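A short worksheet on the structure shown next.
There are 2 protein chains.
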Amino acid sequence: MARQGLNQRRPSIHDVASHAGVSAATVSKVLRGVATVKSANAKRVFEAVEQLSYRIDPLASELRRSKRRIIGAIVPEFESEFFGSIVTELERLAEQRGYALVAASSRESETRETEILERMHDWRVSGVVLSPVRNEHGPAAAFMKTNGMTGVMIDRVIASDTFDTVSADSAAASAEVARALVARGHRHVLVIGLGEQAATVHARLDGFRSQAQAIAPDMRIDVILSESEVAPLRAALRSYFSKGERPTAVYSLFLKGTLVALSEFRRQAWHCPADISLVGFDDAEWMQVTFPAIAAVVQPVRRIAMQAMDLLFRRIEGDDGPPRMLLEPCKVLMRESVSPPGSDRFRDQKASNGLPPQVGAISCPLTT
Amino acid sequence: MARQGLNQRRPSIHDVASHAGVSAATVSKVLRGVATVKSANAKRVFEAVEQLSYRIDPLASELRRSKRRIIGAIVPEFESEFFGSIVTELERLAEQRGYALVAASSRESETRETEILERMHDWRVSGVVLSPVRNEHGPAAAFMKTNGMTGVMIDRVIASDTFDTVSADSAAASAEVARALVARGHRHVLVIGLGEQAATVHARLDGFRSQAQAIAPDMRIDVILSESEVAPLRAALRSYFSKGERPTAVYSLFLKGTLVALSEFRRQAWHCPADISLVGFDDAEWMQVTFPAIAAVVQPVRRIAMQAMDLLFRRIEGDDGPPRMLLEPCKVLMRESVSPPGSDRFRDQKASNGLPPQVGAISCPLTT
DNA sequence: CAATTGCGAAAAATCGATTTACCACTGCTC
DNA sequence: GAGCAGTGGTAAATCGATTTTTCGCAATTG
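Now the structure itself:
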C-alpha cells in the first residue's frame with residue numbers, strides 16, 4: 029500500500045534503488061525487463077517498487093529517450109457524434125497499444141490546426157491522426173511534412189503524396205443515394221454542402237452527379253454550397269425555395285445541412301417525405317426515432333479509426349513505403365424521409381383542412 | 029525561416045547559446061523574461077532563436093520545474109453534444125491562460141476514470157476537471173484527494189467536502205418542468221432515468237417530485253430507473269406501457285432516455301404530443317428541427333465550463349479556502365412536444381386520413 | 001585606498017529517468 | 001598462474017531545460 033499520503037515528493041528511481049540496495053541503473057534495467065539482472069535483485073527491486081508505490085516519471089523517461097508514447101489527434105470539432113466517436117475509438121486503439129491519446133479541436137480553423145500541430149511537435153508525439161478542416165493540402169499537412177512528423181490524415185481527405193489517408197467512400201455512397209432517388213422517380217434534386225470541406229464535398233457531389241446523370245440523363249441537379257458558415261447556407265436555401273424552386277428531394281452533404289434542410293422544411297410547412305424527400309450524409313442517433321426517420325449515409329467510424337491507427341503504427345514502426353489511400357465503404361439507410369415524389373397523398377386534405385399556413389408557405393403554392 | 033528542414037535534431041538551448049555567444053543560462057533568462065540581462069545580449073539571443081527557429085522543449089522545461097502547464101479533463105463520453113461542448117469550452121479557457129488541455133474519456137467506467145487519473149498524476153498536470161461517471165464520492169475523487177491533486181468536479185455532482193463542484197441546477201430546472209406540466213393539466217407523469225448517474229438523477233427526480241406534489245398533490249408520478257445501461261431501461265419502459273400504463277407525459281432525466289422514449293412512442297404508434305407529451309433533460313441541436321420540436325432543459329454549458337476553470341485556476345494559484353459548490357441555472361424550453369393532455373385535436377383527423385402526426389404540431393413559432 | 005555593494009554572466013547543480021563505459025569477479029583454457 | 005571470456009552491476013554521461021552558486025569587474029562608500 030502507498031503510505032506516501034501527505035509527504036509531497038513522489039519517490040524517484042533513486043529512492044527505489046537505495047531501498048532495494050542496488051543502483052538506479054539496475055532498477056531501470058529491471059523495470060524495462062532487461063535480462064541481465066540476478067533474479068534475487070530483481071525481486072528486491074519489485075518489492076521496493078511495491079512498497080514505495082513507485083511509478084516511472086514519464087517526463088524524465090521520455091526526455092531521455094526523446095520519443096513519447098503519445099499519439100496526437102486533431103479534429104475540427106468535438107461536438108458532433110461523428111468526431112466524438114472517432115476520438116473515442118482512436119483513444120481506445122492507442123491505449124490498446126500502450127500509448128496515450130491527446131486530442132485537440134481545431135474548431136474549424138486552419139490556423140489553430142497548425143498551432144496545435146506545433147505544440148504536438150514540441151511534445152514529440154510519436155504520431156498524429158489529423159482530420160483537417162479543409163483537405164489534405166492545407167498548412168497543417170505542410171507543417172507535418174516539413175518537420176518530419178509521422179501522421180495519417182482522415183475524413184476530409186482524398187489522397188496525399190506524403191501521408192496515408194483514410195476516409196469514407198463518399199463517392200460510392202453518393203452514387204448509391206443517387207440510384208435510390210432515381211429509382212424512386214426523383215428527377216429534380218437539390219444538393220447542399222459546405223465548400224470549406226473541399227475534399228469530401230467534391231467527392232460526394234461528383235459521385236452523386238455522375239451516377240445520377242448516367243442512369244437518368246434528364247435529372248436536374250441544383251447545388252447550393254456555402255463556403256464555411258451554416259448561416260449563409262440557410263439564407264441561400266431560403267431564397268432558393270422562395271424563388272419557387274421545388275425539387276422533389278434534398279441531399280445534404282453534411283450533418284448540419286440536414287438540420288438546416290429540416291428546419292427550412294418547417295418554415296415552409298412542407299412535410300417530409302410527402303412534400304419533399306430528404307437524405308443526409310452522416311447518421312445520428314436521433315434520426316431513427318423521429319417522424320419521419322431520416323435517411324442517412326452511415327460512415328464506418330470504427331473502421332476509419334482502426335485503419336488510421338493501423339497505418340499510423342506501421343509508420344511509427346518504420347514502414348516508409350509509398351503513402352496509401354484507403355476508402356472505407358459506407359452504409360446507406362433509406363429511412364422514411366425518402367419516398368417517391370408526388371406521393372403526397374395528404375396534400376389535398378392539408379390544403380382543405382384549414383391548417384394555419386406558415387409565412388413562407390404562401391409564396392410557394394403547394395398545389396400546381 | 030527555418031532551414032532545419034531535413035536534419036533531424038531540433039536545436040537545443042545550447043545551440044542557441046553558442047550561436048548568440050552567451051551561456052545557456054542567459055538564454056533561459058532572456059526567454060523567460062528575467063530583467064538582469066543586457067539588452068544587447070537579449071537582442072542577440074532573440075536573433076539566434078529566430079534564425080534557428082528554436083522552441084523550448086516543454087519536456088525538459090517542465091521536468092525541471094516539476095509542474096506542467098497542462099490541465100486534464102475527464103468526461104464520461106465524447107459522443108454527446110453536451111460533453112463535446114464542455115471539452116471544447118474547457119480547451120478554449122485553458123489555452124486562454126496559456127495551458128494545454130488534455131481530454132480523456134472514461135467511457136462510463138469508474139475503473140478507467142482512476143486509470144486516467146493515475147496517468148495524469150504521472151504527467152504532473154496542474155489541475156484536473158473531472159466529470160465523474162457516478163458522483164463525487166467515487167474512487168476517482170478519493171485518488172485525487174490521496175495524491176493531493178488539485179481539481180474541480182462538474183456535472184454529475186452535488187457537493188464535495190474536498191473539491192469544488194460545479195453543475196447545472198437540476199433541481200430548480202426539474203421543478204420548473206413540474207410546474208409547466210402541472211399548469212398544462214398533467215396529473216400522471218412517467219419519469220425515466222439512469223441510476224448510475226446518482227448525483228444528478230436524485231436532484232432532478234427530487235426537484236420534480238417535491239415541486240409537483242407541492243402544487244398538485246393528486247399528481248401521480250411513476251419512476252423507471254435503470255442502473256447503468258440503456259437497454260434495460262427500454263425494456264422496462266416497454267413492459268410498463270404494455271401493462272396498460274398510460275401517463276400523459278414523460279420526463280426523461282437524460283438525453284438518451286429522451287431518444288428511448290421517442291422510439292417507444294413510435295413502437296406504440298403514439299403521437300407526440302397528441303397522445304403523450306415529452307420533456308427531456310438536455311437539449312440537442314436536432315430537437316428544434318423535428319416534428320414535434322422536443323421540449324428540453326438546456327444546461328448552461330459555457331457557464332459550467334467557465335466557472336469550473338475559474339475555480340480550478342484559483343486553486344492552482346494557491347487558494348485553499350473551503351470547497352465551493354456552484355449551481356448554475358438552466359433554461360427550460362417548452363417546445364411542441366408538450367401540450368395539455370387529451371388535447372389531441374388532430375387525432376380524429378389522423379384516424380380518418382392517416383395524416384402524419386407532425387401536422388398537428390404546427391403551432392409554435394419557429395426557432396432557428 | 002581598502003572594503004563593500006551590485007550587476008551581469010558564466011559555471012555547475014538539478015530534475016528523474018536511460019544508456020554507455022567500465023570494473024570486479026568467476027570460471028576456464030593453455 | 002597469466003590470459004581471456006562472460007556475468008552482473010555500478011558510476012558517470014546524457015537528455016534539455018531551470019535554478020543556484022560563483023565569479024569578474026566596476027562603482028560606491030567609509
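One line per chain: the protein sequences are L and E, in this order.
Taking my numbering, the leading residue of the first sequence gets 29, the next gets one more, and so forth.
Taking my numbering, the leading residue of the second sequence gets 29, the next gets one more, and so forth.
Heads up, the beta-carbon is just placed ideally off N, CA and C, and yes, glycines get one too.
Quick caveat: nothing in here was measured; it's all calculated off a predicted structure.
| Asked | Found |
| --- | --- |
| How would you label L:His214, buried or exposed, when you count the other beta carbons within 10 angstroms and need 16 or more for buried? | buried |
| Is the separation between the beta-carbon of E:Cys358 and that of E:Ala200 shorter than 9 Å? | yes |
| Between L:Asp310 and chain E, is any beta-carbon pair separated by less than 9 Å? | no |
| Spatial neighbours of L:Leu339 within its chain, please: CB distance less than 8 Å, with the 5 preceding and 5 following residues excluded, ordered by chain position. | Val180, Asp192, Val194, Arg352, Leu354 |
| Anything in chain E within Cβ reach of L:Val130, meaning under 7 Å, just list it in chain order. | Val130 |
| For chain L, check one thing: does any of its Cβ atoms lie closer than 9 Å to the Cβ of E:His42? | no |
| Which residue from E:Phe74, E:Leu218, E:Val210, E:Leu253 puts its Cα closest to that of E:Gln241? | E:Val210 |
| Should L:Ile243 be labelled buried (16 or more other beta-carbon atoms within 10 Å of its own) or exposed? | exposed |
| Out of E:Leu287, E:Asp311, E:Ser305, which one is the CA nearest neighbour of L:Glu313? | E:Leu287 |
| Determine, using beta carbons only, whether L:Ala88 comes closer than 9 Å to chain E. | yes |
| Between the region 227-250 of chain E and chain L, which residues of the former have a C-beta closer than 9 Å to a C-beta of the latter? | none |
| Scan the region 100-185 of chain E and note each continuous beta strand (DSSP E) run of 3 residues or more that stays entirely inside, going in chain order. | 128-133, 155-158, 179-182 |
| If you count every other CB in all the chains shown that lies within 10 Å of the CB of E:Gln335, and 16 or more means buried, which is it? | buried |
| Helix or strand or just coil, what does DSSP make of E:Glu356? | strand |
| So the alpha helix (DSSP H) L:Ile41 belongs to, where does it begin and stop? | 41-48 |
| Quick one: using the 10 Å Cβ neighbour count with 16 as the cut-off for buried, is E:Glu255 buried or exposed? | exposed |
| Could you check where the beta strand (DSSP E) with E:Val307 kicks off and where it finishes? | 305-309 |
| On the criterion of 16 or more Cβ atoms from any shown chain inside 10 Å, does E:Glu107 qualify as buried, or is it exposed? | buried |
| Pair every Cβ in the region 152-160 of chain E with every Cβ in the region 99-106 of chain E, then say whether three or more of these pairs are closer than 8 Å. | yes |
| Suppose you measure from the CA of E:Gly235 to the CA of E:Ala259; what does that come to, to the nearest Å? | 26 Å |
| State the start and end residues of the unbroken alpha helix (DSSP H) segment that holds L:Ile344. | 329-344 |
| Please return the same chain residues whose Cβ sits closer than 8 Å to the Cβ of L:Val278, not counting the five positions on each side in sequence. | Val217, Leu218, Val219, Ile220, Ala289, Ile304, Ser305, Leu306, Val307 |
| Is the beta carbon of L:Ser198 sitting closer than 9 Å to the one on L:Arg232? | yes |
| Distance cutoff 9 Å, beta carbons only. Does L:Ala45 sit that close to anything in chain E? | no |
| Can you name, in chain order, every residue of its own chain whose Cβ lies under 6 Å from the Cβ of L:Ala45, other than the five neighbours on each side? | Ser51, Ala52, Val55 |
| Is L:Met247 near the ligand MN, in the sense that its beta carbon is under 8 Å from a heavy atom of that ligand? | The ligand MN is not part of this structure, which contains no ligands at all. |
| According to DSSP, which residues form a beta bridge with L:Ile98? | L:Ala128 |
| For E:Thr318, does the count of other Cβ atoms within 10 angstroms reach 16, so buried, or fall short, so exposed? | buried |
| Determine the chain L residues that contact E:Thr318 at a beta-carbon separation under 8 Å, and present them in chain order. | Leu290, Trp314, Thr318, Phe319 |
| Would you say E:Ser133 and L:Val329 are within 9 Å of each other, going by their C-beta atoms? | no |
| Would you check if the distance between the CB atom of E:Glu164 and the CB atom of E:Ile144 is smaller than 9 Å? | no |
| Taking the alpha-carbon positions, what's the E:Ala170 to E:Gln79 distance? | 49 Å |
| Kindly indicate if chain L contains any beta-carbon less than 9 Å away from that of E:Ser198. | no |
| With DSSP as the reference, label L:Ser81 as helix, strand or coil. | coil |
| Please confirm whether L:Phe106 has its beta-carbon closer than 9 Å to some beta-carbon of chain E. | yes |
| In this structure, how does DSSP classify E:Val278 when only helix, strand and coil are distinguished? | strand |
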